[in-house]
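Quick note, my numbering runs 1 ahead of the 1-based positions in the sequence shown. Heads up, the thing below is written out as structure tokens.
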Amino acid sequence: MKFDRQARTVDLDPRDPQFYNDPYSAYEEIRAHTPTFFWNQYGMWCFTAFSDVDRLLRDKRFGRQILHLMSREELGLEPPKPHLSDFDAVEAHSLLELEPPAHTRLRTLVNRAFVSRQVEKLRPEIAALTHATIDRFAADGAVELIKAFAEPIPVSVIARMLGVPQERCADLLDWSHAMVRMYMFEADAAAEHAANRAAIEFADCLTELIAERRRKPTDDLLSHMITSERGGDRLSDAELISTSVLLLNAGHEATVHQTGNAVKAILENGLDHRALFRDDAAAAAAIEESLRYDAPLHMFTRYALEDVVLDGGIEVRKGQEIGLMLGAANRDPRQFADPTSFAAGRADQANVTFGAGIHFCIGAPLARLEMQVSLPILFERLPGLRLADTPRYRDAYHFHGLERLDLAW
Ligand code: HEM
């Protein structure tokens with residue numbers, strides 16, 4: 002890492018294994034000089050202070066979308082790539098890419114299914130699914146936890162909620178992985194073609210399902226989205242497909258990695274799982290701390306919707322992006338006492354792992370519940386769990402999750 006303290010610019014390759022395996026050391030080094038820096042590789046100002054990240058996520062002068070205010074030419078963007086047209090079509094109506102009022106309308110339609118009261122009903126189903134998943138490897142004495150445990154549970158839960166048949170879960174994982182690669186730093190042409198192919202197959206699968214549910218609605222979320230109306234207005238097929246793809250992808254990617262990161266944190270810190278998970282309240286506190294301690298998504302960006310001058314004289318012009326560093330904010334010593342310690346139940350518990358403001362994660366209650374139910378069962382069934390190899394993170398800086406998590410007992 003090269004640091005120009007005067008200009009507050011940082012040269013730091015997000016694909017450097019040393020960095021993506023331990024981004025926290027780099028954050029601390031930067032923070033020792035400045036909470037805000039210009040990251041040369043991304044070409045934008047990045048914010049590491051908890052208070053800045055939390056505030057800027059809620060700041061209406063910044064948004065996830067800019068093309069409703071400025072053209073691609075004005076932004077200096079290349080024209081859309083024809084070989085990504087199907088991927089772009091799926092993204093076009095994604096909640097994550099919309100701003101109010103389109104965002105408010107879509108979000109209100111799906112929100113009902115994800116509020117805590119509704120999600121809590123899934124507790125017995127998640128517990129049964131966890132036991133069935135562990136049954137498949139409990140006698141083996143060793144497991145690669147990401148593939149065998151962290152992936153199947155959230156994929157299966159979100160597929161069931163939406164009404165996608167369980168036998169499509171393997172396809173969902175493949176499509177999702179291919180699409181998520183597009184958010185990596187400098188995705189290459191092969192990744193772009195694979196993401197577009199995945200978007201076509203994913204949309205085809207959903208088009209079939211939507212037609213089926215139109216003929217015969219059930220009580221799943223897809224049927225609910227098809228029949229929901231607000232002010233005489235229904236979701237179009239394109240909106241139904243984009244929303245379903247987002248829910249299916251967002252519904253597992255981060256939870257998979259948070260599960261891996263949490264198990265790694267518990268084992269590496271030598272924590273007593275019996276104390277950590279002694280009752281539901283303790284389990285909830287432990288999961289909350291795992292979310293703060295090692296979050297699976299480290300950076301989200303926002304566009305300036307107008308020219309803005311921020312604290313420290315940082316000027317951001319309309320159309321420019323800023324980077325909000327969730328993983329760094331969660332370890333800010335001005336917010337948390339002893340931020341590098343895993344302290345379940347800490348008095349200063351707060352985190353920006355699920356974001357803040359209008360795009361705050363719709364799936365937060367579901368992700369929390371999945372982990373609060375599945376991790377205590379995992380440690381109770383396999384009390385001798387230990388690391389069998391040094392865990393390594395994937396080469397995907399934003400998605401801070403493990404390549405593998407090899408365990409034995
Ligand atoms: C540990 C697991 C998860 C983490 C860390 C996480 C994190 C996040 C974050 C940080 C955002 C906000 C992005 C931004 O402000 O730009 C977000 C949005 C979103 N998440 Fe999650 N998420 C998780 C699980 C889930 C689950 C299980 C679902 C299932 C439905 C989900 C669905 C969504 C959706 C639909 C949005 C977009 C909301 C909007 O734009 O209004 N997430 N998530």
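Cβ atoms here follow ideal geometry from the backbone N, Cα and C, with glycine treated the same way.
By the Cβ-count criterion, S342 is exposed, with fewer than 16 other Cβ atoms from all chains shown falling within 10 Å of its own Cβ.
Between the stretch 133-141 and the stretch 379-387 there are three or more C-beta pairs closer than 8 Å, enough to call the two in contact.
Not one heavy atom of the ligand HEM is found less than 7 Å from the C-beta of Q350. If you draw a 10 Å sphere on the C-beta of F48, you find 16 or more other C-beta atoms in it, and that means buried. Listed as beta-bridge partners of K3 by DSSP are D12. Between the stretch 137-146 and the stretch 401-409, the count of Cβ pairs shorter than 8 Å is three or higher; the stretches touch. By the 16-neighbour rule on beta-carbons within 10 angstroms, T260 is buried. In the DSSP assignment, F115 is bridged to no other residue. Nearest Cα to P101 within the set D390, G358, D53: G358. Of the candidates L107, V165, L298, the residue whose Cα lies closest to the Cα of T244 is L107. In the displayed model, F88 falls within a helix according to three-state DSSP.
Secondary structure note for L311: it is in no alpha helix (DSSP H), and the uninterrupted beta strand (DSSP E) holding it is 309-311. If you draw a straight line from the Cα of Y43 to the Cα of L268, it comes to about 34 Å. H69 and L85 have their C-alpha atoms spaced approximately 20 Å apart. Between the C-alpha atoms of F150 and L248 there is a straight-line separation of about 20 Å.
Residue ranges of uninterrupted alpha helix (DSSP H) with 4 or more members, entirely inside the stretch 309-395 and ordered along the chain, are 327-330, 365-382. Within the chosen limit of 7 Å, the ligand HEM reaches the beta carbon of P155 through at least one heavy atom. G324 is classed as buried because its beta carbon has at least 16 other beta carbons within 10 Å across all chains shown. Residue state for R235 is assigned as coil, using DSSP reduced to three classes.
When secondary structure is reduced to three states using DSSP, A409 falls in the strand class. In the DSSP assignment, E79 falls outside any alpha helix (DSSP H) and carries neither an H nor an E. As the crow flies, the alpha-carbon of Q119 is around 44 Å from that of E75. Taking one beta carbon from each stretch, the stretch 304-324 and the stretch 361-380 have fewer than 3 pairs nearer than 8 Å; the two do not touch. Proximity of the beta carbon of C206 to the ligand HEM is not indicated: no heavy atom of the ligand is located closer than 7 Å. Checking the DSSP bridge columns, you'll see L298 partnered with F400. Take the alpha-carbon of A204 and the one of A27: they are about 40 Å apart. The closest CA to that of E202, considering only V91, P125, A266, is found on V91.
Beta-bridge partners of M45 (DSSP): W40.
Rounded to the nearest angstrom, the gap between the Cα atoms of A128 and A287 is 18 Å.
If you look at V158, you'll find it in the alpha helix (DSSP H) that goes 153-163. CA-to-CA, the gap between R318 and R59 works out to about 18 Å. Counted as a single uninterrupted DSSP element, the alpha helix (DSSP H) harbouring A276 occupies residues 274-277.
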